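Note that the sequence shown covers residues 7 to 222 in our numbering. To start, the structure under review is shown below, and the notes come after it.
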Amino acid sequence: MTKIFSLALLPVAAVLLSGCTSAPSPADVNKATADMLKGSFQARGIATLDRLNQDQANAECAAADATGKPLDAKMTQAIEEASMKTVKWPSDGKFIGDWKEGEKIAQSGRGLTWTDTATTENGGNCYNCHQISKEEISFGTLGPSLYNYGKLRGVSDPSSAGGKAIVEYTWGKLWNARAYNACSQMPRVGHMGILNQKQIQDVMALLLDPASPVNK
7 MTKIFSLALL
17 PVAAVLLSGC
27 TSAPSPADVN
37 KATADMLKGS
47 FQARGIATLD
57 RLNQDQANAE
67 CAAADATGKP
77 LDAKMTQAIE
87 EASMKTVKWP
97 SDGKFIGDWK
107 EGEKIAQSGR
117 GLTWTDTATT
127 ENGGNCYNCH
137 QISKEEISFG
147 TLGPSLYNYG
157 KLRGVSDPSS
167 AGGKAIVEYT
177 WGKLWNARAY
187 NACSQMPRVG
197 HMGILNQKQI
207 QDVMALLLDP
217 ASPVNK
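The following block contains the structure:
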């Protein structure tokens, strides 16, 4: 065990030892854990320590997961409403881009590491959690299959009035999934700046363009 890691464990050890006389409170344990994490990580390049800071949605959902109790209806609604307000609709009014570029983005897990720069174009890493096209046989199953995404939802023309609701829902889901599911594990790719507008338009095309292999 390295000296740095040993020192990082000291706050947690102190809390545990205090349990010999009295049980530590959840707040004490949470603080000790946060201190350990901050002491264990070092800022490097674009990977800075602010990534350890939880926003309210992350904190509430993590607490609910730890206790095994779902969020109450009031907090769920508050998170979803706040998340919906963060959704930025396409500035040029276009929801659909190039599905071929969208496939490249879905395949790429590049970005956000200390070896990248602020100008590195991130990938979406979508296949890590979803089946998307039949051509790619290596995919994760944490999220639902997205194969035939547009076809199954009756979107034959994404620019039509009939497809408007699904198109807007899909954009919002990509931008900030917690607008629709307070404790969604899906990355908030728009809200967190992981993908830019053009990239999201291209991923939208991959999912909704009738010409995309996803909908064949």
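Glycine residues also receive a C-beta, built at the ideal position from the N, C-alpha and C atoms. Predicted model, so just to flag it, every value in this text is computed and none were measured.
Leaving out the 5 sequence neighbours to the left and right, which residues in its chain are closer than 6 Å to residue i when beta-carbon positions are compared?
i, result
"Gln62", "none"
"Met7", "With a pLDDT of 44 at Met7, under the threshold of 50, the modelled position of this residue cannot be trusted; read the value that follows with caution. Once the five neighbours on either side are set aside, Met7 has no close Cβ partner at all."
"Asn131", "Gly115"
"Ser89", "Asn182, Arg184, Ala185"
Within the same chain, show all residues whose beta-carbon is closer than 7 Å to that of residue i, passing over the 5 residues directly before and after it, in chain order.
i, result
"Ser12", "Note that Ser12 scores a pLDDT of 49, beneath 50, so its modelled location is shaky and nothing firm can be said."
"Ala43", "Here residue 43 turns out to be Leu, not Ala, going by the sequence shown. Excluding sequence neighbours, Leu43 sits near Leu58."
"Ser162", "Pro216"
"Gly169", "Val161, Asp163"
"Pro96", "Gln203, Gln207"
"Thr176", "Met210, Leu213, Leu214"
"Thr82", "Ala188"
Using CA atoms only, rank isn't needed, just tell me which of the options is closest to residue i.
i, options, result
"Val209", "Gly146, Asn128, Ala185", "Asn128"
"Gly146", "Val220, Ala79, Asn134", "Asn134"
"His136", "Asp104, Ala33, Gln113, Cys67", "Gln113"
"Lys157", "Asp41, Asp56, Lys222, Lys75", "Lys222"
"Leu213", "Lys91, Ser28, Gly103", "Gly103"
"Pro219", "Glu107, Ala65, Leu201, Thr82", "Glu107"
"Ala40", "Gln205, Ala29, Asp56, Thr123", "Asp56"
"Arg194", "Val93, Gln83, Gly51", "Val93"
"Glu174", "Lys100, Pro76, Thr125, Ile200", "Lys100"
Given residue i, which residues of its chain have a CB within under 8 Å of its CB, disregarding the five upstream and five downstream residues?
i, result
"Ala53", "Leu118, Thr119, Trp120"
"Tyr153", "Gln137, Ile138, Ser139, Lys140, Val220"
"Leu77", "Glu66, Cys67, Ala70, Ile85, Ala188, Cys189"
Buried or exposed for residue i, please, with buried defined as at least 16 other CB atoms from any protein chain shown within 10 angstroms of its CB.
i, result
"Met198", "exposed"
"Ile143", "exposed"
"Asp215", "buried"
"Gln60", "exposed"
"Ala185", "buried"
"Lys179", "buried"
"Glu86", "buried"
"Glu141", "exposed"
Given 7 Å as the limit, tell me if residue i has its C-beta closer than that to any heavy atom belonging to the ligand FMN.
i, result
"Lys222", "In the structure on display, the ligand FMN does not appear, and there are no ligands present to speak of."
**Asked** Taking three-plus beta-carbon pairs below 8 Å as touching, is the region 187-195 in contact with the region 57-77?
**Response** yes
**Asked** Quick one: complete alpha helix (DSSP H) runs, 4+ long, within the region 33-93?
**Response** 62-73, 79-90
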